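Novice:
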Amino acid sequence: MNATTETLGRVLACHQGRALPIRSTFALSEDPSPVFAIAPIKMVAEEIVQAIAFGDPDGPPQVVTRWNPLSRDAGDLEIFAAALNDYVEAVARGDQLPRFWLPHRSALTVVELLGHRYRTNQMASDSLRRMGWQCRAIAEEATYGGQQAVAIAGEILRAHVLTGQAPIKDGHLGALLAWVAPVAGRDPAEVADEQALVPASGVLERSIDDRVEGLRREAKRGRGPVAARARAEIETRLTQGALNEWELLLEARRAFWSLGLPEGPGLGPLVAESKRRSLYRLQQDLNPPSRPHSLARLVDDHEYAADLAEDADVRGDLHVRELARRKGRALLAEVVRVEQPRSSRRPCYVTLRTTQEVLRVRQGTALRDIGGRVEGRVEDVWEARGATLLRLELTRGVQRSRVPVVGDVTDWVDTAPHDLRRRRREVHDAMQAAASPLVYDQGVVGVGTSGSPSVDLLAVAERLRRGA
Amino acid sequence: MSQTVTTVSVVARDRDVRRRVLETVLQETHPAVVVDSPPGAGKTHLVETVVATAAHHLRMHVGVIAPRVEQVHDLVRRLRQGHPFLPVQLLHARGRLPDPDILADPGVVSVDRPANLRRGPGVVVTTAAKLAFSVPDLQAGQFDLLVCDESYQLPWKDLAPVLHLAHRHLLVGDPGQLRPIVRGDLARYEAARHKMHWAAPRELLRQNPNLPRLQLPATWRLPQDTVELVQPSFYPDLSFASAVALADRQLGFGAAGIGDPVDAALDQLAAGATLVGLLLPARPLEVDEVDDEVAELAAHVVARLLERAATWVGVRQLTERDIGYVDAHVASNARVRARLRAAGVGPATMTTTPEIWQGSQRPMMVAKHTLSGLARLDGFALDPGRLCVMTSRHQLGVILVGRDGVAAALERHQHDTAERPSGTEDAQWAGWRAHHRLWTALDTMGRLIRI
Amino acid sequence: MDSTEDLTDTVEGLKAQREELLRAREQIEMVLTRIDTQLDQLAPPAPAEEHGEPSSPARSRPRPLRLMVLDGLDDLGWMTFSRQMMLYLRARYGRDVSPTRFSSLAKDEIAAFTSKRPRSVYLCHGLVHDRGEAVKRLWGRSDWPLEQRVVAPTTGRIQHLKLTERLCEIARTAGDTAADSEMLRFLAADHAKDLPGVKARRGVFELERWQDIALELLEELEPRDRERREEAAERLARLPEEQQLFGVPEGPLFPLPTPGRAAGGRPS
Amino acid sequence: MTLSSTRGLVRVSKNPDCHLQAAMALERVREPEFYRSVTGTEYPGEYGERVSARRRGAKFEASLRQNNAAGLRQVLGPLFGWDLDSMAVRDFGEEVPGPPTTMRTLRLTRTRRILGDLAAGREVPQLLIQPQLALPTGSGPRQLEFVSPDFMVLDSAAGIYVPGEEKSFILRDNVAEPGDLDLTRRQAGAQILALRAESRLVGLADRVANRAVFVMATPYGMKPAPPVVEQLDAAVYEIERAVATIATVREELAMLRSTGDAPLEFLVDEIPTHLQEECHRTCILAAYCEARQADSAVVLGDGAADLLGADMRLDRVRALLQGAPPATAEERELVARLTVAGRALGLEPDDLVRELA
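Chains as they are written, first to last, in this note's numbering: chain A, 1 to 468; chain B, 1001 to 1451; chain C, 2001 to 2268; chain D, 3001 to 3357.
1) Under the DSSP definition of a beta bridge, which residues are partnered with Q62/A?
2) In chain B, what lies closer than 7 Å to Y3237/D by C-beta?
3) Hey, would you say W2139/C sits closer than 8 Å to T2080/C, going by beta carbons?
4) Report the start-end ranges of each alpha helix (DSSP H) in the stretch 1035-1090 of chain B that is 4 residues or longer and not cut off at the edges.
5) If you drop the 5 nearest sequence neighbours on each side, which residues of the same chain put their C-beta closer than 7 Å to that of L1448/B?
6) Looking at the unbroken beta strand (DSSP E) that takes in R3186/D, where does it start and where does it end?
7) Which residues does DSSP pair with V413/A in a beta bridge?
8) With respect to 7 Å, is the separation between the Cβ of A3244/D and the closest non-hydrogen atom of the ligand ZN below this value?
9) Are C3018/D and T3273/D close, meaning C-beta to C-beta below 8 Å?
10) If distances are taken between C-alpha atoms only, which option among T1353/B, A1338/B and T1352/B comes closest to G1346/B?
11) Taking the DSSP output, what are the residues bridged to L8/A?
12) Taking the DSSP output, what are the residues bridged to Y349/A?
13) What does the alpha-carbon distance come out to for the pair Q1139/B and H1092/B?
14) Please report whether the beta-carbon of P292/A lies at a distance below 8 Å from any beta-carbon of chain B.
15) If I'm right that V335/A touches P404/A with Cβ under 8 Å, what's the distance once you round it to whole angstroms?
16) Since W477/A contacts A19/A with CB under 8 Å, what's their CB separation in whole angstroms?
17) Please state whether the Cβ-Cβ distance between E3230/D and L3009/D is less than 8 Å.
18) For the stretch 1257-1318 of chain B, which segments carrying the alpha helix (DSSP H) assignment without a break, of at least 4 residues, lie completely within its bounds, in sequence order?
19) Between the stretch 404-421 of chain A and the stretch 1371-1389 of chain B, are three or more C-beta pairs nearer than 8 Å?
20) Within 8 Å, do at least three Cβ pairs link the stretch 28-38 of chain A to the stretch 178-198 of chain A?
21) In the DSSP assignment, what residue or residues form a beta bridge with E383/A?
22) How would you call K1157/B, buried or exposed, if buried means at least 16 neighbouring beta carbons within 10 angstroms?
23) Please state the DSSP three-state secondary structure of D193/A.
24) Roughly how many angstroms lie between the CA atoms of V1034/B and P1212/B, to the nearest whole one?
25) State yes or no: is the C-beta of G202/A within less than 8 Å of the C-beta of K42/A?
26) If you measure from the beta carbon of W1429/B to each beta carbon in chain A, is any gap under 8 Å?
27) Let me see if you follow: with CB-CB separation under 8 Å, is H1061/B close to chain A or not?
28) Going by other Cβ atoms of all chains shown within 10 Å of its Cβ, with 16 needed for buried, is N1210/B buried or exposed?
29) Taking the beta carbon of T1440/B as the centre, do at least 16 other beta carbons fall within 10 Å, making it buried, or is it exposed?
30) Along chain C, which residues have their Cβ under 7 Å away from the Cβ of A3025/D?
31) Near D456/A, which residues of its chain fall below 6 Å by C-beta distance, leaving aside the five closest residues on each side in sequence?
32) Please report the straight-line C-alpha distance between V3124/D and A3235/D, rounded to a whole angstrom.
33) What residues are listed by DSSP as bridge partners for T354/A?
34) With 16 other CB atoms within 10 Å as the buried threshold, where does A1348/B fall?
35) Would you mind reading off the limits of the alpha helix (DSSP H) that contains Y3035/D?
36) Would you grab the beta carbon distance between L3003/D and R3250/D for me? Rounded to a whole angstrom, and I think it's under 8 Å.
Dropping the structure here:
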């Protein structure tokens, strides 16, 4: 979305006193059942969990509090670890897409750090180490374009609506909700500014945080009644903080689904991919990629995920497609000729005519019709009588029932993801097996000289060329 | 006189480096050699020379790869023209047959399955992607030498899988042009021990700093005037000079102009300037907003070149095919195309983005300045590679069209110091500095003509 | 009289008052020390408490800090940073000392020195080898030879090794009598963790091994450092006595900008 | 907390067009108090660093500096060509403690002497902890800002110190948060400029490159991540611009006060401000400035300010979209652009009129 469109959207939202949807479809598939929500409260700067509310967002949450989060003893996280694992096992048993709801990006960072701290921690129990890898799997999945397993409420809302305030203010989930779910009779801008006075990044309010910090000193002083009272008060305050965060998450989730958009028709492949990836990672401890073949695979996987997401967006959402059209990535064209010597067999050539000015096609560009029935490669592009003509050789969908007919007018898009991962895996396996020193060793050095430097190879080369 | 002497010494230096490349690659036994090349330095010629010498003289089985199919086809044609007796095999994707002229060439064997490749002295040409996908069907050390042309356009992740196929490697490329595009979490990739998203030669040299790195010292495309503007801005670490004589790069006109600013710009070119800016008054625009007036101006410049019978003095009168237009945005290119048609200029005048222009040249170019009309500069606009490509496609000259106000935008620009991943090179700063340097130089030299 | 003069008067007044209080405190401390000594002589011997600091609740008034620090230095046998001393006193003698007390301690010592009421021993600072500047958080005893208070380029490492060695020794030998023997071991471990070849493991205190490593390294490194310190000490010995104890005075190069102000201020 | 020294420079560098902020930095105001003076009310939001953040920062620094800075030596030695066991360390935190008013000049004196030794070819320590530098912001003797790198390490190849920062920010898989990097880089930018200014006094300015070294934390307790040497041309450029802004604003303030000795809060309306989105993150007066520009384009963010002009009234934009005749060519062009933009949202001009009804 460019700045003009965004500005217009914000002007409209500001005037109407509520957020303006900017998509025609949801980019997130319907919540599966069950769903697991996580609302942590962290210790500022330490990024350590001091409280966490979690569980099924449609029921009451479980809350874990840690009066001394800097202690090495992390036994209090066992309850969370067990609940997370129960959820993972349940979705794995049902071969379902897992869906984790978190309020904002800070919450995901806390979850990711839980992963870093416990996955390989030899002092931790097996269940905490398992929690570690599962937390890392959640964070890892969130990095994939179009993923469907991790819903970060603030971000998913921002991808669907524009508010009537400056974008930087949308970063505060409370301020964002002031526009998405406005309070009747109140100016959302005012409500948003009020909300923004209280942090919404998974930390306690300042005064409470200061109080808890003070109480911790008392709580550490032993086992007497003063220390016990201090611990009790810390736990109460942390519980309240976590429940507030939980409520914020639920409100955001409700507000999101209340947008009432239809589900994007292209989400199926995204759900399948996300399910495959996340279930695999949630069920085993994997080291992060660090060697050339695994890093290359990681980059390829992300590129493929981005292709899929882009394709789903362009095909599934009218607004996104309109923007793609302006960049020449989607084009409205009429079929003016079909050449298929043998029915339902290759070769099959389709000539498209478009008057769209902006096109991003050239020889070799892969195009797919918006319905995803046929796909082809541009063989030739030429201009005639104020229009552009494209000759496509169909690479998919040559069956008689699928080949378009002359006169068909439809959108064609250049987002045609190809799943080459199986072949790539073979390539990367071969690369790993061969382990070229140039790739796997560092600092290879030439082994000196050989042959006869007395031969002037440039003279040889010139003779060869002259010989031609 | 002095220009001739300079040219002669540049040519001599260029020969020395080429000889050194041949020695380093073919007579010494370094596992890899990187050759940095300025624009128009004859990279492909060098590749041809090395390949022919290796295959023909040293009886080697040579693999040659390039990032794009078009580049591969061009390589095959060049090899066939220069060395008609060299056995050439073209390994192509099953769904993408070679161009008809190549298919028709009896000297080229086209195969789509790696198993069908013949061993022995000769050359196999293919894309990096096709070769990578063929890896499971090939053997380690399949080639005596693997040459990668336009290697700076290839991410390391796409070259690394094929390196074990040969014992020696030559990577040739232009370090100043656009970097390969890799999508995903770049901060994470940057933090990794292996930078799989970096341009292949950069990562190869980072990991293996002792490998020989040679630099071609001459451009056979750009006139010295352009070199003096482009080299300090875009190639601070690669010194080069023009190998062509001034007299061989003269633009003339068969007809006088009407004396408007467009003619003033053209006349500057005829007087020896090779890089001139032609500017409309400042007007802020969106990044992806099409600037109709600039499109009109660009088309007007092309049309005027043709109307005034622009001539490459001593060579030929320029035709539509001899002029190109480059613009960073697809929509803007489309508008210029439409304006060109309205002005009677046909499709032979190629109008496209810098990404596609890489590796091509025209006697005359018109380019839309990437910062034209921008109130706020972003990484895309500031990318030094993009402007570098745009200002280094011409043999005679380039006119930069756009809006005035670039200097102010550069001054006003607030540098982002947050987004660049820790410890990585600051490409945006490099871009800003390159833009600033070029624009200041053009302004100081009186090369910016305001309408 | 304008506001600047008012301020100057106030500052001068406060300084004078402070001087008086310091003198009074010095007198009180001297009396207390005398009484402590008498009490020590009268009390039954406490064999485990060689350094005189009681963990006994019988004595209600704590021993003066300067004496504690002198004792600590005596225990540790080498220049010691305030933070190290603070932790040591807590672990060994159960004495909590606020970090800010060290700053007044330094001023007291200087005041005592200049008051012409000599003490038998002063707490003094480490001196940078080339210019004799004080390292104000590094403490030594005036009864040590000057070369032992000089900080040569490599003395930082020697200081670390000396302290590590001593802390390991004390933790080993006096562990049972320490106010907090576990803390003492942790303190030793905290120093030892940066010795070559030592990998800190939770709850494992290889005191003897650490001590050996430190001693070995000292044997190798100390002679050269001592040489540098002795060279420097020869030069620094020419300084007035006060400067040998508390460092060469350093004047500001130029006046400072106005410190933070709330509102309404402006630079003069 | 005052808005002064490096903190002030960094803030000014983020918004050099806001002369009020530069004036606040120049006069070293305490922000919450200044807010009260300007608005008459207490600042309602959170201000200042939290206890846990302060504690973590202090613990991280202490862990790197203890035992003769073993932690720092270990990570920096190999990077700058030193045997970590023979690196000489001067820790000014230990040498010269005390309140900033006295401590800074003493540390500066010692730092300058060491730079003088370096220029004279005398032996110098390889690692300086908490050295002190001064960055001139004008030609007068008091026109300077004190800049305090966490440390400076001698680069054996370049023959000069490189400023460094210790940050307890947690890197995840060696990746830092952009916001953390932004602050650190700009701080280091000020340090490089200050080091260059100090080095100029002893003829070593040419050796000072635009680079600094950062030591950040891992998720595992106080363990440092491998240090990163950063090339910081952009940050240095931005801080230079901040220094220039401060010099300009100093003159502007002198002009404003040429007829009277008005305190800064009385001059707020006469000093140019420049509201931008970043202000909401960094400046205590952001809401105040926004309220002064209510219903203008700038409240919708930087993009809107660029497109519409920061001061353009939103009611005028709405009127134009509802069919009011454009008064200028710019307005005509704006309507055309917004109409095109509307289509991207699926809204035709009539829809826009309806939406705004």
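Just so it is clear, CB atoms sit at the ideal spot from N, CA and C, and this is done for glycine as well. Keep in mind it's a predicted model, so treat the numbers as computed, not measured.
Specialist: The relevant details are as follows:
1) Taking the first sequence and counting its residues from 1, one reaches residue 62/A at position 62. Bridge partners of Q62/A: F54/A.
2) Residue mapping note: residue 3237/D aligns to position 237 of the fourth sequence, counting from 1. Per Cβ cutoff of 7 Å: H1415.
3) Residue numbering aside, residue 2139/C sits at position 139 when the third sequence is read from its first letter. Residue numbering aside, residue 2080/C sits at position 80 when the third sequence is read from its first letter. Yes, the pair counts as a contact, with Cβ atoms nearer than the cut-off.
4) 1043-1052 and 1069-1082
5) Walking along the second sequence from the start, residue 1448/B turns up at place 448. Once the five neighbours on either side are set aside, the close Cβ partners of L1448/B are G1277, L1279 and L1442.
6) Locating residue 3186/D in the fourth sequence gives position 186, where the first residue counts as 1. Run containing R3186/D: none in the beta strand (DSSP E); it sits in the alpha helix (DSSP H), P3178 to L3201.
7) Numbered from 1 along the first sequence, position 413 holds the residue referred to as residue 413/A. Note: V413/A sits in a beta bridge opposite A330/A and R368/A.
8) No copy of the ligand ZN occurs in the structure displayed, which carries no ligand at all.
9) Translated into the one-based positions of the fourth sequence, residue 3018/D becomes position 18. Translated into the one-based positions of the fourth sequence, residue 3273/D becomes position 273. Going by C-beta atoms, C3018/D is nearer than 8 Å to T3273/D.
10) Residue numbering aside, residue 1346/B sits at position 346 when the second sequence is read from its first letter. Nearest option by C-alpha distance: A1338/B.
11) One-based indexing of the first sequence puts residue 8/A at position 8. Residue pairing of L8/A in beta bridges, as defined by DSSP: absent, with no partner found.
12) Position 349 of the first sequence, counted from the start, is the residue given in the question as residue 349/A. According to DSSP, which records beta bridges pairwise, Y349/A is partnered with E339/A and E393/A.
13) Residue numbering aside, residue 1139/B sits at position 139 when the second sequence is read from its first letter. Residue numbering aside, residue 1092/B sits at position 92 when the second sequence is read from its first letter. Answer to the nearest angstrom: the Cα atoms are 18 Å apart.
14) If you number the first sequence from 1, residue 292/A lands on position 292. P292/A counts as touching chain B.
15) Translated into the one-based positions of the first sequence, residue 335/A becomes position 335. Translated into the one-based positions of the first sequence, residue 404/A becomes position 404. Confirmed, about 5 Å.
16) Because chain A here runs from 1 to 468, residue 477/A falls outside it and cannot be looked at.
17) Position 230 of the fourth sequence, counting from 1, holds the residue named residue 3230/D. Position 9 of the fourth sequence, counting from 1, holds the residue named residue 3009/D. No, Cβ-Cβ distance for E3230/D and L3009/D is not below 8 Å.
18) Runs of the alpha helix (DSSP H) inside the stretch 1257-1318 of chain B: 1261-1270 and 1292-1307.
19) no
20) Contact check between the stretch 178-198 of chain A and the stretch 28-38 of chain A: fewer than three CB pairs, one atom from each, fall below 8 Å, which does not count as touching.
21) Locating residue 383/A in the first sequence gives position 383, counting from the first residue. In DSSP, E383/A forms a bridge with T388/A.
22) Within the second sequence, numbered from 1, the residue matching residue 1157/B stands at position 157. Buried, because 16 or more other Cβ atoms sit within 10 Å of the Cβ of K1157/B.
23) Indexing the first sequence from 1 puts residue 193/A at position 193. It is helical.
24) Locating residue 1034/B in the second sequence gives position 34, counting from the first residue. Locating residue 1212/B in the second sequence gives position 212, counting from the first residue. Their Cα atoms are separated by approximately 6 Å.
25) What you label residue 202/A is simply residue 202 of the first sequence in a count that begins at 1. What you label residue 42/A is simply residue 42 of the first sequence in a count that begins at 1. Closer than 8 Å, so yes.
26) Taking the first residue of the second sequence as position 1, residue 1429/B is located at position 429. Not an interface residue.
27) Sequence index remark: in the second sequence, residue 1061/B carries index 61 (1-based). For H1061/B, the answer is no, since every Cβ of chain A falls outside 8 Å of its Cβ.
28) For the purposes of this step, residue 1210/B is taken as the residue at position 210 of the second sequence. Exposed is the call here.
29) As a first step, residue 1440/B is located in the second sequence; it is residue number 440 there, counting from the start. With fewer than 16 other Cβ atoms within 10 Å, it is exposed.
30) Residue 3025/D sits at position 25 when you count from the first residue of the fourth sequence. None at all; the shortest Cβ gap to chain C is about 11 Å.
31) The residue you call residue 456/A lines up with position 456 of the first sequence. Answer for D456/A: no residue qualifies.
32) For the purposes of this step, residue 3124/D is taken as the residue at position 124 of the fourth sequence. For the purposes of this step, residue 3235/D is taken as the residue at position 235 of the fourth sequence. Their backbone Cα atoms lie some 28 Å apart in a straight line.
33) Within the first sequence, the letter at position 354 stands for residue 354/A. BP columns for T354/A point to T388/A.
34) Position 348 of the second sequence, counting from 1, holds the residue named residue 1348/B. Residue environment analysis places A1348/B among the exposed positions, since fewer than 16 neighbouring C-beta atoms fall within 10 angstroms of its C-beta.
35) Counted from its first residue, the fourth sequence places residue 3035/D at position 35. First-last of the alpha helix (DSSP H) with Y3035/D: E3031 to T3039.
36) Here residue 3003/D refers to the residue found at position 3 of the fourth sequence. Here residue 3250/D refers to the residue found at position 250 of the fourth sequence. The C-beta separation of L3003/D from R3250/D comes to about 15 Å, leaving the pair out of contact by the 8 Å criterion.
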